[in-house]
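In what follows, a single structure is set out as structure tokens and then discussed.
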Amino acid sequence: MTHILANVGDAGFTLPIALALAVWIATSRWQLALRWILTLGVGMCFVGATKIIHAGWGAEIEPIGFRMVSGHTMLATAILTVVLALLSDRLELGKGLGIAAGLAIGAVTAAARVVDHSHSLAEVISGWIVGATVALLFLRAYARSDARPRYPMGAIAGFALVAMLAYGHRAPFEMMIDIHSPALRALVGAELTRFF
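Going by the working numbering, the letters in the sequence shown line up with residues 104 to 299, in that order.
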């Protein structure tokens with residue numbers, strides 16, 4: 104069961120949904136869709152940096168068991184919170200319901216990552232905080248704009264289709280980080296010794 108829940112945060116599942124969300128937002132205002140992509144991208148870069156630092160340099164905070172920010176937790180929290188908030192807003196249920204549901208799904212994903220021993224509590228808490236921050240920063244920009252994506256029922260069908268097609272697929276990011284981080288460490292070390 105935890106495997107099913109943990110897969111909700113895999114980039115192979117969440118990033119296609121994030122792209123579908125950007126397309127839906129663009130039906131109202133393309134600048135806001137770009138803001139969504141950039142906000143999520145900054146969050147992903149932060150998570151990726153912590154993973155590269157751990158994989159390449161072995162950095163960790165041992166007393167709290169922190170090696171890296173949980174990417175599954177961050178992606179599930181950020182993406183599903185925004186999707187559900189915008190859908191609940193467009194269906195006139197109020198954004199608050201969608202925000203609460205998205206944050207709760209992120210928390211369940213976090214718990215699944217701890218139970219299956221993929222991450223420590225500190226790692227999933229940090230992933231949830233980063234994801235919630237990404238979502239709330241974007242939703243703040245959404246609230247200040249006049250953008251209201253069209254065709255919410257069509258969006259629900261589109262998200263469901265993307266979710267069915269994407270679920271179970273695994274993105275190769277973690278493998279790529281594990282393979283390339285030691286080489287990056289060697290490159291950075293060589294460049295630093297050149298200057299010092």
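No residue lacks a Cβ here, since even glycine has one placed at the ideal position from N, Cα and C.
Owing to the predicted nature of the structure, the values given are computational and were not obtained by experimental measurement.
**Item:** Residue(s) in a DSSP beta bridge with ILE164
**Value:** Position 61 of the sequence shown holds residue 164. Per DSSP, PHE169.
**Message:** Counting C-beta neighbours from all protein chains within 10 Å, is the total for ASP219 16 or more, i.e. buried, or is it exposed?
**Reply:** Working through the sequence shown from its first residue, we reach residue 219 at position 116. So ASP219 counts as exposed.
**Cβ neighbours of ILE268 in the same chain (closer than 8 angstroms, five flanking residues each side left out)** = The residue labelled residue 268 in the question sits at position 165 within the sequence shown. Before going on, a small fix: residue 268 reads as Leu here, not Ile. Result list for LEU268: PRO119, in chain order.
**Request:** Note the first and the last residue of the continuous alpha helix (DSSP H) segment covering ARG193.
**Result:** The residue given as residue 193 occupies position 90 in the sequence shown. Run containing ARG193: 174-193, per the alpha helix (DSSP H) assignment.
**Asked** According to the neighbour-count rule (16 or more other Cβ atoms, all chains shown, within 10 Å of its Cβ), is ILE282 buried or exposed?
**Response** As a working note, residue 282 is residue 179 in the sequence shown. Flag for ILE282 reads exposed.
**Message:** Looking at the secondary structure, which residues open and close the alpha helix (DSSP H) in which LEU196 lies?
**Reply:** Looking up residue 196 in the sequence shown gives position 93. Note, LEU196: premise wrong, no alpha helix (DSSP H); not H, not E.
**Prompt:** What separation, rounded to the nearest whole angstrom, lies between the Cα atoms of HIS222 and ARG216?
**Reply:** The sequence position of residue 222 within the sequence shown is 119, counting from 1. The sequence position of residue 216 within the sequence shown is 113, counting from 1. Linking HIS222 to ARG216 through their CA atoms gives a straight-line distance of about 6 angstroms.
**Message:** With a threshold of 8 angstroms, are at least 3 pairs of Cβ atoms found where one atom belongs to the stretch 200-217 and the other to the stretch 139-157?
**Reply:** The stretch 200-217 makes no contact with the stretch 139-157; the number of CB pairs closer than 8 angstroms stays below 3.
**Prompt:** Which residue spans inside the stretch 220-252 form an unbroken alpha helix (DSSP H) run of at least 4?
**Reply:** The stretch 220-252 contains, as complete alpha helix (DSSP H) runs of 4+ residues, the segments 224-247 (chain order).
**Item:** Where ALA179 falls, given that 16 or more other Cβ within 10 Å makes a residue buried
**Value:** Translated into the one-based positions of the sequence shown, residue 179 becomes position 76. Buried is the call here.
**Prompt:** Mind checking GLY159: buried by the 16 CB within 10 Å criterion, or exposed?
**Reply:** One-based indexing of the sequence shown puts residue 159 at position 56. A residue is called buried when at least 16 other Cβ atoms come within 10 angstroms of its Cβ; GLY159 meets this threshold and is buried.
**Item:** Span of the alpha helix (DSSP H) around ILE284
**Value:** Within the sequence shown, the letter at position 181 stands for residue 284. Checking the sequence, you will find Ser at residue 284 rather than Ile. Per DSSP, SER284 belongs to the alpha helix (DSSP H) from 276-298.
**Request:** Leaving out five residues on either side along the sequence, give the residues of the same chain with a beta carbon under 7 angstroms from the beta carbon of ALA162.
**Result:** Translated into positions along the sequence shown, residue 162 becomes position 59. These residues qualify, in order along the chain: ILE156.
**Prompt:** Comparing alpha-carbon positions, which option in PHE299, MET147 and GLY199 lies nearest ARG243?
**Reply:** Sequence index remark: in the sequence shown, residue 243 carries index 140 (1-based). Looking at the Cα atoms, GLY199 is the closest of the given residues.
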